[in-house]
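Undergrad:
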Amino acid sequence: MERRRYQVLDTIRGCALVSMILYHACWDLVYMFGMDWPWYHGFAAHVWQQSICWTFILLSGYCFALGRHQLRRGLTVFFCGALITAATWFFMPENLVLFGVLTLLGSSMLLANGFRGLLRRVPPRAGLAGSFLLFLVFRDVNAGYLGFEGARFFRFWDGERNLCTAFAGFPPADFFSTDYFSILPWFFLFLTGYFLFRLRPEEAREIRPLPLVTAMGRRSLLIYMLHQPVIYGLLAVLFRAG
Numbered sequence: 027m028e029r030r031r032y033q034v035l036d037t038i039r040g041c042a043l044v045s046m047i048l049y050h051a052c053w054d055l056v057y058m059f060g061m062d063w064p065w066y067h068g069f070a071a072h073v074w075q076q077s078i079c080w081t082f083i084l085l086s087g088y089c090f091a092l093g094r095h096q097l098r099r100g101l102t103v104f105f106c107g108a109l110i111t112a113a114t115w116f117f118m119p120e121n122l123v124l125f126g127v128l129t130l131l132g133s134s135m136l137l138a139n140g141f142r143g144l145l146r147r148v149p150p151r152a153g154l155a156g157s158f159l160l161f162l163v164f165r166d167v168n169a170g171y172l173g174f175e176g177a178r179f180f181r182f183w184d185g186e187r188n189l190c191t192a193f194a195g196f197p198p199a200d201f202f203s204t205d206y207f208s209i210l211p212w213f214f215l216f217l218t219g220y221f222l223f224r225l226r227p228e229e230a231r232e233i234r235p236l237p238l239v240t241a242m243g244r245r246s247l248l249i250y251m252l253h254q255p256v257i258y259g260l261l262a263v264l265f266r267a268g
């Protein structure tokens, strides 16, 4: 199959970007401008947030199977994640981002690139089912349990915890990050996207795109890096004017 960028993927990514920008605007209003929105702490907002991160991680795994220069891409995304960590560490420590989604995506690309030969030998159906099952089983691993969204099966980790184990998925009790995506369980969702492409490579077709949204999807990394400062600046101007 000819390697090319499907407009449908850019459109889906662009829609996820719009949703993420709106979600983070709400986050800023609640946590930085003191808006009293109880719904933002509820189940509906949690589902909203999860829908955004699931979409980005699945798409990243899917596009990994499509793309070239994945080592360079992985290093670039990982470096951008490190920049966000450094910026929040020095300028906004109360909103520190440590092991955020860009760090996860860059790390997942690098891991998948390292095991690419092995992954190619896994049958797509088995890989898809196994990866998604492992994601569900390890979903609550950050709390030290195997289980999904509070349905915990048994205790999984009682060993020493530090920043290295936090990167893997086992944070210490005093660990703090406003955007935390560890290797476990999220690498398995990345692999789910990878095997989804392997299973149905011909089903991603070009569709009639939404021009602005699709253009945003093509520039997702740049928009991700800039969106929070822009949102905060606009909200600060609006609140000051009000």
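Under this note's numbering, think of the first position of the sequence shown as 27, with each following residue one higher. Ideal Cβ positions, reconstructed from N, Cα and C, are used throughout, including at glycine.
Using a C-beta cutoff of 8 Å, does glycine 107 count as contacting chain B?
TA: No chain B appears in the structure shown, which is made up of a single protein chain.
Undergrad: By Cβ distance below 7 Å, which residues in the same chain neighbour alanine 230 in space, the five residues on each side in sequence not counted?
TA: The pLDDT assigned to alanine 230 is 49, lower than 50, so where the model puts this residue is not dependable; a value taken from the coordinates is nonetheless given after this. Hits under 7 Å: Tyr32, Val34, Leu35.
Undergrad: In whole angstroms, what separates the C-alpha of leucine 109 from that of leucine 136?
TA: A direct Cα-to-Cα measurement between leucine 109 and leucine 136 gives close to 18 Å.
Undergrad: Using the C-alpha atoms, what's the distance from glutamine 254 back to phenylalanine 116?
TA: 16 Å
Undergrad: In chain order, what are the residue ranges of uninterrupted alpha helix (DSSP H) at least 4 long that sit wholly in the stretch 134-174?
TA: 142-146, 150-163
Undergrad: Threshold first: 4 residues or longer. Then list the alpha helix (DSSP H) segments lying entirely within the stretch 64-120, N to C.
TA: 69-92, 96-117
Undergrad: Please report the distance separating the alpha-carbon of serine 203 from that of arginine 98.
TA: The alpha-carbon atoms of serine 203 and arginine 98 are separated by roughly 26 Å.
Undergrad: Are the stretch 54-67 and the stretch 190-201 in contact at 8 Å, needing three or more beta carbon pairs?
TA: Too few Cβ pairs lie closer than 8 Å, so no.
Undergrad: Taking the continuous alpha helix (DSSP H) assigned at phenylalanine 213, which residues delimit it?
TA: 209-225
Undergrad: Measuring only the C-alpha atoms, how far is methionine 144 from glycine 93?
TA: Checking the sequence, you will find leucine at residue 144 rather than methionine. Cα to Cα, leucine 144 sits roughly 17 Å from glycine 93.
Undergrad: So, at 8 Å on beta carbons, what are the nonlocal neighbours of isoleucine 209 in its own chain, with the 5 sequence-adjacent residues on each side left out?
TA: Leu130, Ser133, Ser134, Leu137, Phe193, Ala194, Gly195
Undergrad: Quick one: what does DSSP say arginine 178 is sitting in, helix, strand or coil?
TA: strand
Undergrad: Leaving out five residues before and five after valine 163 in sequence, what residues of the same chain have Cβ atoms less than 6 Å from its Cβ?
TA: Leu172
Undergrad: Could you tell me whether any non-hydrogen atom of the ligand FMN is closer than 7 Å to the CB of phenylalanine 180?
TA: As for the ligand FMN, it is missing from this structure, which has no ligand bound.
Undergrad: In chain order, what residues of the same chain lie with their CB nearer than 8 Å to the CB of glycine 60, ignoring the 5 residues before and after it?
TA: If you ignore the 5 residues before and after glycine 60, its C-beta comes within less than 8 Å of no other C-beta in its own chain.
Undergrad: Take phenylalanine 158 and list the residues in its own chain whose beta-carbon comes closer than 8 Å to its own, dropping the five residues that flank it on each side.
TA: Phe214, Leu215, Thr218
Undergrad: Return the residue from the list Arg245, Tyr258, Phe265 that minimises the CA-CA distance to arginine 39.
TA: Arg245
Undergrad: With a Cβ-Cβ cutoff of 8 Å, do glycine 87 and tyrosine 206 count as a contact?
TA: no
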